[in-house]
Amino acid sequence: MLTRNGLCRVCQEARSLQRTAEPARRTISTSARSTAAQKAQGSQKGKSVGFKGGAKGSAPAREGGAASGGSRFLLDQSLVKPAVTLSHLPFLSASNATETAIGRPHRFPAEATSLFGSFGIPASLADHFQYTTEPASVLRASTVNLHTRLDNAAGQSSAKHRVILVGDSGSGKSMTMLQIMTLLKPTWAILYIPNAVKLVDASSPYTYSREAKMFVQPTLSASILRSFASVNESLLTGTPDGKQLLSIAKQGADKGGQAAVDALDRVFAAVTKQSSVPILIAVDSVQALFRTSAYKDTTNKPLEAYALSIPRLLLELFAGQRSIVNGALLGAISTLETPWQSPALPASLGLVKAHPYADLGDPLYSAFAKTIEPVAVPAHMPAREAEGLSSLLRDSQHIHGSLSNRLYVQTMLS
């Protein structure tokens, strides 16, 4: 079974049997406080981070500083392994995402890594990618099937294509989302939220809008607009509707403040009308939108997610109250964000049987979720997918040597 850091359990078990292998890096900390701070940082598995491809010939540096309570120094540069090269792998593209390619490792192309760099990716996947010159993954049947469906959805309303990926922790939901965006990117505009928790955890400024009668999030609005414009500029400039959408996003991002909030509203309004370019809105850790937020009103009462401007826009789309004329909605439930689980969403999707007296939170969340379609990502793999993953783990040096039959069967095969 896959684990929460994006690797399978076989990787962890194999590593425990190979303690004699040379470490990629040895560091020393000048204070105990530094170590404690690093452990605290390491526990934040659900956060999204900017993606940076590893530089060829070097491993990514991880040095503490004042923020970590002490300094850390590399003992010897000669002990730092160069980033692993995966240049022999083919690039992932719509043309090779076929049944015959299932189980084969593929690199993400430059267009995809640019998207990841603009929007960010979940921290667990960034950890997985950082030791190779280019990010790579194994193509799975679940990705091929979902891509076929969404690709055929071009020209159709998102009302028919509102999907949330579900599955066990570490089954590969976030990776599947990255693969789907990569396959659609050449012809679809993408708006990606790598961690919806950041929309509701009170980590960004907010203010009450009398006109909108809700709490707006200007800083987050500007950030989303900036990334959307950067990632989709070349595609949107090809049509009049796309140019207008791009212009609204750029102006809102540049002005910031209430102008950014208004611009994001206009962008969402535009995607419900324009049909020139198909649009995918992808939201990871989507369950955080279906619960009470950490923001508070003027009486210090916690705000529901739907009382915040950006979550409200997304909830209305996922609920089918508003629809993209040409496009689809894709979400993924993350079980890593323990404090940010939604009791209403899994119950509404039929993933769990709720007790008649269970507290599911505000009834609106169940109403928002009841017509969304769950799509399962299997935790275990058919033989050829497992073989491809074990090959990729060896090539990227996450594990060394061959796998025992016991580890292979117990941790990877379905």
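In terms of the UniProt record's numbering, the sequence shown has 144 at position 144, counting the first letter as 1, and numbering is strictly consecutive. C-beta atoms are modelled at their ideal positions from N, C-alpha and C, and glycine is treated no differently. A quick note: this is a predicted structure, and the numbers were derived from the prediction, not measured.
- Taking 4 residues as the shortest admissible run, the region 283-341 contains the following complete alpha helix (DSSP H) segments, listed from N- to C-terminal end: 309-319.
- The criterion of a C-beta distance shorter than 8 Å is not satisfied by residue 163 and residue 190.
- A Cβ-Cβ contact shorter than 8 Å links residue 248 with residue 263.
- As a beta-bridge residue in DSSP terms, residue 279 pairs with 189 and 327.
- Only residues of its own chain outside the window of five on either side were considered, and among them 103, 104, 105 and 138 have a CB closer than 6 Å to the CB of residue 388, listed in chain order.
- Around residue 154, the same chain offers 278 as residues with beta carbons nearer than 6 Å, after the five sequence neighbours per side are excluded.
- For residue 204, no beta strand (DSSP E) encloses it, and the DSSP letter there is neither H nor E.
- Each residue's CA atom was taken as its position, placing residue 254 and residue 317 some 26 Å apart.
- The residues 229, in chain order, have a CB closer than 7 Å to that of residue 250 in the same chain once the five nearest residues on each side in sequence are set aside.
- Burial of residue 283 is indicated by the presence of at least 16 other C-beta atoms within 10 angstroms of its C-beta.
- Residue 152 sits exposed, since fewer than 16 C-beta atoms from the chains shown fall within 10 Å of its C-beta.
- In this chain, residue 211 is not harboured by any alpha helix (DSSP H), its DSSP state being neither H nor E.
- Closest in C-alpha terms to residue 167, from the list 351, 362 and 101, comes 351.
- Listed in chain order, the non-local C-beta contacts of residue 173 below 6 Å within the same chain comprise 165, 167, 332 and 377, local neighbours out to five positions each way being set aside.
- Residue 224 sits in a helix when the DSSP states are folded into three classes.
- Closest in C-alpha terms to residue 391, from the list 136, 115 and 125, comes 136.
- Our two residues, residue 101 and residue 303, have alpha carbons roughly 47 Å apart in a direct line.
- In this structure, residue 175 lies away from residue 307, with their beta-carbon atoms at least 8 Å apart.
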